[in-house]
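Protein chains in written order, with this note's numbering: chain A, 1 to 123; chain B, 1001 to 1123.
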């Protein structure tokens, strides 16, 4: 789920969220078709109760990161289901993953959620 | 798509967005199951390219309102499809509708998009 950031001088593959962060709020000017598709994809990645809970647990954890071992129990879903949701959040650019010993840790990608929030703010 | 706002002293039916506006950002504390379901429903209403374009046209119009007659052509969809998307946005509490003569006008509901943005902001 990478997108070509056509507004940059050097062509680079960036996570979808990077493309959104360059945009003005909805109230400033209407979205064009491509922008609407990108933003809808980000919102779809967020628009699931389990993914929102996982994201909020990571976001509210110290240093905005959490061990996968602390994510399964509060959400009450199976490990494969949790893994699927975490993968969707990573592919959309909201979470990053690192390994420490036997455990995987998930961290909030700085600015990713804010880039979506910025587009939605009307004030 | 109305929800019971259990946090208020007088039981009242409120649009879904009213329930979200009372919540702190994701980084403050994890969402509980009910909050995650409500927020996911709002994000799902937004997570469609045509709905995002319609919403952005209304949001960027003078007075944050637009005649339905000005919404069909830029989005390039049939009138019934446009009507369906506008209905979803109204039911979620993002748009309101009023009639003037033969035309329907859609207006951005003040604070509705911001209530979603507030939850997503991490900074």
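Ideal Cβ positions, reconstructed from N, Cα and C, are used throughout, including at glycine.
Values in this document were obtained by computation on a predicted structure and should not be read as measured data.
By the beta-carbon neighbour count (other beta carbons within 10 angstroms, threshold 16), residue 102(A) is exposed.
For residue 1027(B), the nearest CB of chain A lies under 8 Å from its own CB, placing it at the interface with that chain. Listed along the chain, the chain A residues whose CB falls inside 9 Å of the CB of residue 1040(B) are 46, 47, 48, 49, 50, 51, 52. Apart from sequence neighbours up to five positions away, the residues of its chain that approach residue 1052(B) with a beta-carbon distance below 8 Å are 1046, ordered along the chain. Neighbours of residue 117(A) in chain B, taken as residues whose beta carbon is under 7 Å from its own, are 1117, 1120, 1121 in chain order. In this chain, the beta strand (DSSP E) harbouring residue 97(A) covers 95–100. For residue 1071(B), no CB of chain A lies under 8 Å from its own CB, so it is not counted at the interface with that chain. Beta-bridge analysis with DSSP links residue 67(A) to 105(A). Listed along chain B, the residues sitting closer than 7 Å to residue 43(A) by beta-carbon distance are 1043, 1046, 1047. Not a single C-beta of chain A is nearer than 8 Å to the C-beta of residue 1083(B). Of all residues in the segment 1099–1115 of chain B, only 1108, 1113, 1114 come within less than 7 Å of chain A when Cβ atoms are compared, listed by chain position. For residue 91(A), the enclosing alpha helix (DSSP H) starts and ends at 79–91. Under the criterion of beta carbons closer than 8 Å, residue 1026(B) and residue 1108(B) do not qualify as touching, at roughly 24 Å.
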